[in-house]
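Please read the structure below before turning to the comments.
2 protein chains.
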Amino acid sequence: MTRYALTLEYDGRPYMGFQRQAHGPSVQQAFEEAAETVVGHPVTLHSAGRTDTGVHARAMRAHFDSEKTLPPFRMGEALNARLRLAEQAVAVLDCVEVSEDWHARFTCLGRSYEYVIANRRAPLVLEAGRAWRIAQDLDAGAMHEAAQVLVGRHDFTTFRSAQCQSASPVKTLRHLSVRREGDHVIVAAEARSFLHHQVRSMVGCLALVGEGRWTAADMRDALEAADRRRLGHNAPPDGLYFMGALYPGE
Amino acid sequence: MTRYALTLEYDGRPYMGFQRQAHGPSVQQAFEEAAETVVGHPVTLHSAGRTDTGVHARAMRAHFDSEKTLPPFRMGEALNARLRLAEQAVAVLDCVEVSEDWHARFTCLGRSYEYVIANRRAPLVLEAGRAWRIAQDLDAGAMHEAAQVLVGRHDFTTFRSAQCQSASPVKTLRHLSVRREGDHVIVAAEARSFLHHQVRSMVGCLALVGEGRWTAADMRDALEAADRRRLGHNAPPDGLYFMGALYPGE
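Note that the protein sequences, when read in sequence, are chains H and V.
Taking full-length UniProt numbering, the leading residue of the first sequence gets 1, the next gets one more, and so forth.
Taking full-length UniProt numbering, the leading residue of the second sequence gets 1, the next gets one more, and so forth.
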């Protein structure tokens with residue numbers, strides 16, 4: 001049995017999220033079906049994060065176990081060939097062999113996301129489904145300042161979806177920054193793990209700050225209330241990208 | 001009669017190029033049909049450049065004449081509303097009123113393009129149809145050096161398609177640069193005007209240089225031969241973006 005660790009890129013638009021669903025396509029199913037034709041037996045893909053419908057990944061980390069052993073480079077090439085044949089919007093960026101104690105989800109030390117806001121009036125064409133368009137001029141500096149309120153160990157109940165299955169609402173947000181690049185405003189977030197919808201919920205509230213409707217103090221009040229009804233706004237999935245994960249020894 | 005000057009963004013993938021075609025969708029037709037519902041009479045869209053099938057625009061400059069006069073901002077909003085309703089991959093980024101001696105094609109002083117190469121092994125997912133994937137490591141420095149051979153006034157017959165309708169193969173290339181940004185290699189080109197397929201032909205040959213199969217001297221030989229049979233390679237449309245145009249007084 002050989003464990004392969006993968007770095008995956010995917011476009012979230014055709015999928016009902018990462019995780020296999022009974023009633024629609026998923027990244028997991030797309031990958032597993034491709035892998036099964038390569039290795040000749042059922043495969044389970046484990047990932048660092050389980051992104052929602054419409055959320056993208058630039059570098060999702062994942063693994064699967066194979067009874068067929070190929071050199072990792074050839075395995076990656078074979079998987080990409082099958083994924084292309086099936087016209088899936090998933091690609092293997094990297095494939096390496098790892099020991100059986102390496103687990104994409106359970107040994108992961110950190111996850112990072114970026115959220116892309118296209119701050120412009122015109123409807124999105126080249127970025128349709130790939131960014132959140134906000135027409136009103138955003139104050140990225142004020143957003144960055146308010147973001148610092150959220151950094152650290154907090155009860156993030158306000159920023160948690162009703163479907164969240166995490167045992168505790170307390171998480172440590174290591175990094176949250178907001179930067180402007182031309183007509184884009186980019187929010188970067190890093191933590192060991194996130195609650196369901198946490199990044200999109202934080203971004204929704206940061207957008208209110210950027211529009212001048214919330215202050216950093218409103219952000220602090222919302223956080224301290226630990227009450228989902230205090231959530232200002234949930235950002236759409238379009239602009240969210242899983243950017244990377246960190247493992248011991250990296 | 002009011003003349004509106006526009007800046008347009010479009011995704012080239014759904015269209016058989018900018019120019020109206022008898023047998024397929026075009027950017028021109030998409031825009032003209034949207035505009036006709038707004039102004040209530042037939043409209044002709046004139047543009048700075050007529051891009052090929054699959055070529056994109058970040059800022060195409062164009063104009064049309066309208067018997068109905070709206071404030072430019074409202075005209076832009078109305079056009080975008082119709083384009084969205086028709087699910088077209090075209091958006092109006094800017095709309096201003098100009099005098100009748102302003103012509104998107106005939107008064108244009110310069111056009112600029114960028115060509116995006118994704119220099120990576122894995123198939124493209126997030127950039128499918130939006131970049132040219134080259135797996136072999138490219139030497140962007142060597143490409144930039146070879147690009148300088150082409151800058152200036154030359155007979156570009158080697159880099160001209162058989163369908164080119166330009167009166168002369170002599171053009172002045174004002175700028176041609178190659179830069180690396182992570183795993184992307186970006187070619188930027190600027191001239192008053194280009195021959196048909198000129199940018200894609202130049203990029204195709206620059207890629208040969210990047211792969212070490214051509215030298216700057218080979219590029220010079222190909223240029224000086226003024227012979228289409230000496231063309232090394234024509235890059236696909238996917239990576240080509242019309243980036244902007246320049247007019248008197250700008």
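Every residue, glycine too, gets a C-beta built ideally from N, C-alpha and C.
None of these values were measured; they are calculated from a predicted model.
Could you tell me which residues DSSP pairs with residue i in its beta bridges?
i: threonine 172 (chain H); result: H:Arg153
i: arginine 61 (chain V); result: V:Thr7
i: threonine 2 (chain H); result: H:Ser66
i: histidine 46 (chain V); result: V:His63
i: tyrosine 247 (chain H); result: Paired residue(s): none; tyrosine 247 (chain H) is not in a bridge.
i: serine 177 (chain V); result: V:Ala188
i: serine 112 (chain H); result: H:Glu190, H:Gly244
i: residue 257 (chain V); result: Beyond the ends of chain V as shown, which are 1 and 250, falls residue 257 (chain V); an answer cannot be given.
i: isoleucine 117 (chain H); result: H:Trp132, H:Val185
i: alanine 91 (chain H); result: H:Glu9
i: histidine 103 (chain H); result: The partner list for histidine 103 (chain H) (beta bridge, DSSP) is empty, contrary to what the question assumes.
i: valine 98 (chain V); result: V:Arg3
i: histidine 56 (chain V); result: V:Tyr241
Would a check of beta-carbon distances place residue i closer than 8 Å to chain V?
i: aspartate 238 (chain H); result: no
i: histidine 56 (chain H); result: yes
i: aspartate 137 (chain H); result: no
i: tyrosine 247 (chain H); result: no
i: asparagine 119 (chain H); result: no
Output yes if chain H places a C-beta closer than 8 Å to the C-beta of residue i; else output no.
i: valine 116 (chain V); result: no
i: residue 251 (chain V); result: There is no way to answer for residue 251 (chain V), as the model of chain V reaches only from 1 to 250.
i: leucine 109 (chain V); result: no
i: alanine 122 (chain V); result: yes
i: leucine 93 (chain V); result: yes
So with CB distances below 9 Å, who are the chain V contacts of residue i?
i: tyrosine 4 (chain H); result: Ordered by position in chain V, no residue passes the 9 Å Cβ test against tyrosine 4 (chain H), which lies about 15 Å from the chain.
Our contact map puts residue i next to residue j with C-beta atoms below 8 Å; I'd like the distance itself, whole angstroms only.
i: phenylalanine 64 (chain V); j: valine 43 (chain V); result: 5 Å
i: histidine 175 (chain V); j: alanine 167 (chain V); result: Not a contact, Cβ separation roughly 23 Å.
i: arginine 58 (chain H); j: alanine 104 (chain H); result: Wrong, their Cβ atoms sit about 16 Å apart, outside the cutoff.
i: leucine 93 (chain V); j: tyrosine 247 (chain V); result: No, leucine 93 (chain V) and tyrosine 247 (chain V) are not in contact; Cβ-Cβ is about 16 Å, not under 8 Å.
i: tyrosine 115 (chain V); j: valine 199 (chain V); result: 6 Å
i: leucine 8 (chain H); j: valine 90 (chain H); result: 6 Å
i: asparagine 119 (chain V); j: histidine 184 (chain V); result: 7 Å
i: methionine 16 (chain V); j: threonine 53 (chain V); result: 5 Å
i: alanine 222 (chain V); j: glycine 232 (chain V); result: 7 Å
i: histidine 154 (chain H); j: valine 178 (chain H); result: No, histidine 154 (chain H) and valine 178 (chain H) are not in contact; Cβ-Cβ is about 18 Å, not under 8 Å.
i: alanine 140 (chain H); j: arginine 84 (chain H); result: So it is not a contact: roughly 38 Å between Cβ atoms.
i: tyrosine 241 (chain V); j: tyrosine 113 (chain V); result: 7 Å
i: glycine 129 (chain V); j: arginine 13 (chain V); result: 5 Å
At 8 Å on the CB atoms, spell out the chain H contacts of residue i, in chain order.
i: valine 90 (chain V); result: Val125
At a CB-CB cut-off below 9 Å, which residues of chain H make contact with residue i?
i: tyrosine 10 (chain V); result: Val125, Leu126
Just the chain V side, please: which residues come within less than 8 Å of residue i by C-beta, in chain order?
i: alanine 30 (chain H); result: Chain V residues near alanine 30 (chain H): none, gap ~11 Å exceeds 8 Å.
Give the residues of chain H in contact with residue i, contact being defined as C-beta atoms less than 7 Å apart.
i: asparagine 234 (chain V); result: Under the 7 Å cutoff, chain H gives no residues; its nearest Cβ is about 23 Å from asparagine 234 (chain V).
Compute the minimum distance between the beta carbon of residue i and the heavy atoms of the ligand ZN, and state whether it is under 7 Å.
i: phenylalanine 64 (chain V); result: Questions concerning the ligand ZN fall outside what the structure shown contains, since it holds no ligand whatsoever.
Against chain B, with Cβ distances strictly below 8 Å, would residue i count as a contact?
i: valine 55 (chain V); result: In summary, chain B is missing from the structure at hand, where the protein chains are H and V.
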